[in-house]
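Colleague: Chains as they are written, first to last, in our numbering: chain A, 477 to 874; chain B, 234 to 559; chain C, 2 to 284. For glycine and all other residues, C-beta sits at the position ideal for the given N, C-alpha and C. Nothing here was measured: the structure is a model prediction, and the numbers come from that model. My questions all concern the structure below.
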């Protein structure tokens, strides 16, 4: 029964590497993410479901590849993440770790993966350091990063006339990185940054910071934060009539689950950048419908990224005929993909995955026909424009 | 703080024994034998984590169980030391034993400073002062440059012990950690059963009487506070070498809460309780990680049942049944 | 000026929450660590009333505290009442465990992203005060909290019922001898304190995201407020709640990074200089 569906989506994934041979490979994948904290809804169990769907859709069992999936909660803490990652590699025979939101945790896992000589398929983390200052030959970074977000939202908003920016920055590495990358894009596009405030993380009350932003005379208030902080800031901005008074909000990182939590009423008109939205085309709709059936919510781009990266990994394993990390990573970097969820793309030498990003605008409640009907697509940002150029020292292909 | 009624009777009998009672000697020996075999049975890093937390809980127990002082900010010493040790090893290139020493020393100084202010207050106010200072340490760790914010200090190198013996191998590192934690726990045992420890118990049971007997109560309190902070620091510094990482988790107030939980679950004021408590909690966190949100629920249930049904803790109950001090 | 007003609004939450905590501590000698979770429950019950039963904000403002208060009463009967003779520590640990359970359960059923709750029709919009735009709802929060705080203080300090309560904590046996059902009074007091937390939760629902973690970090701050005000002092909790809201508001302007820690600095200073708290009676 599920084979039928699986075939359907496989047909869309046109890139397959050679005929399926009856190989005998067994692989263990570890989905390591937040299962109880602020990112549990955008990654969490949904990412495990996505990984499982990838294994089923790929038809791993029929190709002689035995795949086992384990999962754990890293609670967004680097120490717990590195502890689990080490144990998975050393003791439990895990071949690749998937997802890992939260930049600090992701960097810790990247380091350990390199030491262990395994594969790290990141989808959830935002830091550009994964393929930059702390790049590793074993890291592959899917979905998005702070630079891509800045190049999407930052550029579009500045070009549309939002020249003067004020940042509300979550006071931790991710927030600062997002602010730094967006500032670069804003100034390059002819805008300027008139001020910023570091907000302790996590925060519930933003009114005081919003008031400072209001007094700054900026056109745009850039929210360099994530998850619950972004939701709260937007909610309160609407309450204090910030947007009615003529200032524009730019949420630099927002997931469809956040918009869903806010409701279209409050979120309408926001522009944001994502790599994936369920309602883009037939194949995203088909996959998302199957995902929703299992998980009870539409997938986020992070979960979609877990699906696609698992798929690409399995194809490489099949082509190479073993789970040898070096060969598999080399194969993944050598093969372009045409993914049902992310379209055409490729893995760069530094492990950065290059695919299109999309600028969306949140629909007005009147235009929204269902609970999850939330976005209008405004623009496509090609992968080459969205992501940072590769650093020479991070090119790990020979 | 909370005393069990039958304790004073046992105290007298216990005082008559000189040195380590045979039962304790046997338990320590069995434990040592078990720990030597352990890394060949389970994942060594997991075992090292358990030992670090066992030392941490034992250090905390010195203050709560024997000093009668509830600190709600012990994460400050544990985490503070782990930052200093990680920084020493990574940036200054210290060898592991010197890095651990530096971390421990830092925790001792921190404990001395905070302790000298906190011991002026009693009961819940004492706990609140320690919490307030721990929050400030947390804030410092979050803001200071060298701590790396929420990234923590990552990829701390595993150096060579005394500059000679490489510790990169998990088993080699294990025995280094075993030596430190087991030594630390034995040292704590000595402190508890020294004349100093007896004065502490006297203060815990009846502070006015201890004062009237001529003891300078505050000096004793400060000393036990500093000692407890020092050993907590030793545990934290060692942990940073094991995980090659110092992070905010170790200084967050929930870590202070966790050590209270470990100590109570095992049995406060017992010798072996904190070790058992730490082992159970760490094992639970390790093996329940897959269950996600259920971990907190299960922990909550243990808290509630523990408080309602086994206030003496696991070892406390066993000790009562056996009528022996453990 | 605008910032001061915002500080006062935040102080309103601190005041209502710390009031509940102070009432429970003052009369039961229990440090209610599940207060944050009960605040969260208040917001969630309001959301459930709206989404499952179609009951709006105004009835929820009364119903949610009653419902959460009732769960508090059950909790007191089943568990807390066994601990009164023991050290503070055990009450704290028990309620801490309960907070973990409640938060975990809500997280499992409702996820973490939070749920939307709209500002009631009558209070949407706002006033332009010249120096700032004040949403009507925020003004309502200040009014509601002042009314609740003052009536609670009045009830406990100035009425006969309050006198019984205070007497019962001093000497339960004696008050019992006068024919007053002391255990029931204590149970109801706990229920009342919990209801206050839930009330604050309903107030918060429209402006903060309704999510299972909304009370988790708040508890430590509110607890500090109670300690600074003087454990068990009703007036102390109220005044300190507003005062610290103001101080925190100012810190957000001059040193925003430090706004999360300023309360603890104040707590340490107060405890070291005046250990019984600003409004507490010397122990």
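1) In angstroms with no decimal places, state the Cα-to-Cα distance between residue 731/A and residue 220/C.
2) Using only CA atoms, which one of 711/A, 706/A, 696/A and 808/A lies nearest to residue 896/A?
3) Mind listing the chain B neighbours of residue 597/A? Cutoff is C-beta to C-beta under 8 Å, in chain order.
4) With DSSP collapsed to three states, give me the class of residue 619/A.
5) Scan the stretch 627–709 of chain A and note each continuous alpha helix (DSSP H) run of 4 residues or more that stays entirely inside, going in chain order.
6) Cβ of residue 840/A less than 9 Å from any chain B Cβ?
7) Quick one: measure Cβ to Cβ for residue 346/B and residue 466/B, integer angstroms, because I've assumed they're closer than 8 Å.
8) Using the Cα positions of residue 882/A and residue 764/A, report the straight-line distance between them to the nearest angstrom.
9) Which two residues bound the contiguous beta strand (DSSP E) that contains residue 277/C?
10) Applying the 10 Å Cβ sphere with the 16-neighbour rule, what's the burial state of residue 636/A?
11) Going by DSSP in three states, residue 809/A sits in which element: helix, strand or coil?
12) Considering only residues of the stretch 372–412 of chain B, which uninterrupted beta strand (DSSP E) runs meet the minimum length of 3 residues and lie entirely inside it, listed in chain order?
13) Going along chain B, which residues have a C-beta under 7 Å from residue 554/A?
14) Give me, in chain order, the residues of the same chain whose beta-carbon lies closer than 6 Å to that of residue 512/A; leave out the 5 immediate sequence neighbours on both sides.
15) Check each residue of the stretch 580–592 of chain A: if its Cβ is closer than 7 Å to any Cβ of chain B, include it; give the result in chain order.
16) Would residue 646/A and residue 700/A qualify as a contact pair, given that the criterion is a beta-carbon distance under 9 Å?
17) Along the chain, where does the beta strand (DSSP E) containing residue 596/A start, and where does it finish?
18) As a quick exercise: from 127/C, 166/C, 262/C and 93/C, pick the residue whose alpha carbon is nearest that of residue 360/B.
19) Could you check which residue in 412/B, 414/B, 473/B and 367/B has the C-alpha nearest to that of residue 487/B?
20) Is it buried or exposed, residue 209/C, if we count other Cβ atoms within 10 angstroms and call 16 or more buried?
21) Output, in sequence order along the chain, the residues in the stretch 630–649 of chain A whose CB is closer than 7 Å to any CB in chain B.
22) Ignoring anything shorter than 4 residues, give me the alpha helix (DSSP H) runs that lie fully in the stretch 415–502 of chain B, in order along the chain.
23) List, in order along the chain, the chain C residues whose C-beta lies closer than 8 Å to that of residue 490/B?
24) Can you pull the chain C neighbours of residue 358/B, defined as C-beta to C-beta under 7 Å?
25) For residue 723/A and residue 839/A, which I take to be in contact (beta-carbon distance under 8 Å), what is that distance rounded to the nearest angstrom?
26) So, with DSSP's three-state summary, where would you put residue 519/B?
27) I want to verify the contact list: residues of chain C whose CB lies under 9 Å from the CB of residue 711/A, in sequence order.
28) What in chain A is Cβ-close to residue 1/C, meaning under 9 Å?
29) I need the straight-line Cα distance from residue 518/A to residue 389/B, nearest angstrom please.
30) Can the beta-carbon of residue 752/A be found less than 9 Å from the beta-carbon of residue 818/A?
31) Quick one, which of 820/A, 828/A, 508/A and 554/A has its alpha-carbon nearest residue 483/B's?
32) Hey, could you find the ends of the beta strand (DSSP E) residue 544/A is sitting in?
33) Since residue 575/A and residue 600/A are thought to touch, with beta carbons under 8 Å apart, how far apart are those beta carbons, to the nearest angstrom?
34) Alpha carbon to alpha carbon, how far is residue 609/A from residue 828/A?
35) For residue 497/A, collect the residues of the same chain with a Cβ closer than 6 Å to its Cβ; drop the 5 residues on either side in sequence, then sort them by chain order.
36) How about residue 436/B and residue 301/B: do their beta carbons lie closer than 9 Å?
Modeller: Let's see:
1) Residue 731/A sits at position 255 when you count from the first residue of the first chain. Residue 220/C sits at position 219 when you count from the first residue of the third chain. Residue 731/A and residue 220/C: Cα-Cα distance of roughly 29 Å.
2) Since the displayed chain A opens at 477 and closes at 874, residue 896/A lies outside it and no answer follows.
3) Taking the first chain and counting its residues from 1, the one referred to as residue 597/A is at position 121. The premise fails here: residue 597/A is roughly 19 Å from chain B at the closest Cβ pair, so nothing lies under 8 Å.
4) Looking up residue 619/A in the first chain gives position 143. Residue 619/A: coil per DSSP, three-state reduction.
5) Complete alpha helix (DSSP H) runs here, min 4: 631–635, 649–664 and 683–691.
6) Residue mapping note: residue 840/A aligns to position 364 of the first chain, counting from 1. No, residue 840/A lies away from the interface with chain B (no Cβ there is under 9 Å from its Cβ).
7) Here residue 346/B refers to the residue found at position 113 of the second chain. Here residue 466/B refers to the residue found at position 233 of the second chain. That pair is no contact at about 13 Å.
8) Residue numbering for chain A in the displayed model covers 477 to 874; residue 882/A lies beyond these limits and cannot be assessed.
9) Here residue 277/C is taken as the residue at index 276 of the third chain, counted from 1. Premise fails: residue 277/C is in no beta strand (DSSP E) and is neither H nor E.
10) Within the first chain, residue 636/A is the residue found at index 160, counting from 1. Residue 636/A comes out exposed.
11) Residue mapping note: residue 809/A aligns to position 333 of the first chain, counting from 1. Note: residue 809/A maps to helix in three-state DSSP.
12) none
13) Counting from one through the first chain, the residue named residue 554/A turns up at place 78. Ordered by position in chain B, the residues that pass the 7 Å Cβ test against residue 554/A are 384, 385, 387, 478 and 480.
14) Position 36 of the first chain holds residue 512/A. Excluding sequence neighbours, residue 512/A sits near 549.
15) Flagged, chain order: 580, 583, 584 and 587.
16) Sequence index remark: in the first chain, residue 646/A carries index 170 (1-based). Sequence index remark: in the first chain, residue 700/A carries index 224 (1-based). Going by C-beta atoms, residue 646/A is nearer than 9 Å to residue 700/A.
17) Counting from one through the first chain, the residue named residue 596/A turns up at place 120. Note, residue 596/A: beta strand (DSSP E), 595–598.
18) One-based indexing of the second chain puts residue 360/B at position 127. Nearest of 127/C, 166/C, 262/C and 93/C to residue 360/B, Cα basis: 93/C.
19) By one-based count along the second chain, residue 487/B stands at place 254. Nearest C-alpha to residue 487/B: 367/B.
20) Taking the third chain and counting its residues from 1, the one referred to as residue 209/C is at position 208. Classification for residue 209/C: buried.
21) Residues of the stretch 630–649 of chain A with a C-beta less than 7 Å from any C-beta of chain B: 648 and 649, listed in chain order.
22) 428–438, 440–445, 450–476 and 486–499
23) Working through the second chain from its first residue, we reach residue 490/B at position 257. Annotation: Cβ neighbours of residue 490/B in chain C (cutoff 8 Å, chain order): 97.
24) Position 125 of the second chain, counting from 1, holds the residue named residue 358/B. Within chain C, the residues near residue 358/B are 272 and 276.
25) Along the first chain, read from residue 1 onward, the residue named residue 723/A stands at position 247. Along the first chain, read from residue 1 onward, the residue named residue 839/A stands at position 363. Between residue 839/A and residue 723/A the Cβ distance is about 21 Å, and since that is not below 8 Å, they are no contact.
26) What you label residue 519/B is simply residue 286 of the second chain in a count that begins at 1. Residue state, collapsed to three classes: helix.
27) As a working mapping, residue 711/A is identified with position 235 in the first chain. Within 9 Å Cβ-Cβ: 117, 207, 208, 209 and 210.
28) As shown, chain C starts at 2 and ends at 284. That puts residue 1/C outside it, with no answer to give.
29) For the purposes of this step, residue 518/A is taken as the residue at position 42 of the first chain. For the purposes of this step, residue 389/B is taken as the residue at position 156 of the second chain. Going from the Cα of residue 518/A to the Cα of residue 389/B covers about 31 Å.
30) Residue 752/A sits at position 276 when you count from the first residue of the first chain. Residue 818/A sits at position 342 when you count from the first residue of the first chain. Yes; because the gap between Cβ atoms is below 9 Å, this pair is in contact.
31) On the second chain, position 250 is the one that residue 483/B refers to. Selected option, being the one with the closest Cα: 554/A.
32) Position 68 of the first chain holds residue 544/A. First-last of the beta strand (DSSP E) with residue 544/A: 541–549.
33) Indexing the first chain from 1 puts residue 575/A at position 99. Indexing the first chain from 1 puts residue 600/A at position 124. About 5 Å separates the two Cβ atoms, so the contact holds.
34) Counting from one through the first chain, the residue named residue 609/A turns up at place 133. Counting from one through the first chain, the residue named residue 828/A turns up at place 352. If you take the alpha carbons of residue 609/A and residue 828/A, they lie about 13 Å apart.
35) The residue you call residue 497/A lines up with position 21 of the first chain. Caution is warranted here: a pLDDT of 49 is assigned to residue 497/A, below 50, making its placement in the model unreliable, and the coordinate value is therefore given only provisionally. Cβ contact annotation for residue 497/A (same chain, cutoff 6 Å, sequence separation greater than five): none.
36) Working through the second chain from its first residue, we reach residue 436/B at position 203. Working through the second chain from its first residue, we reach residue 301/B at position 68. Contact: yes.
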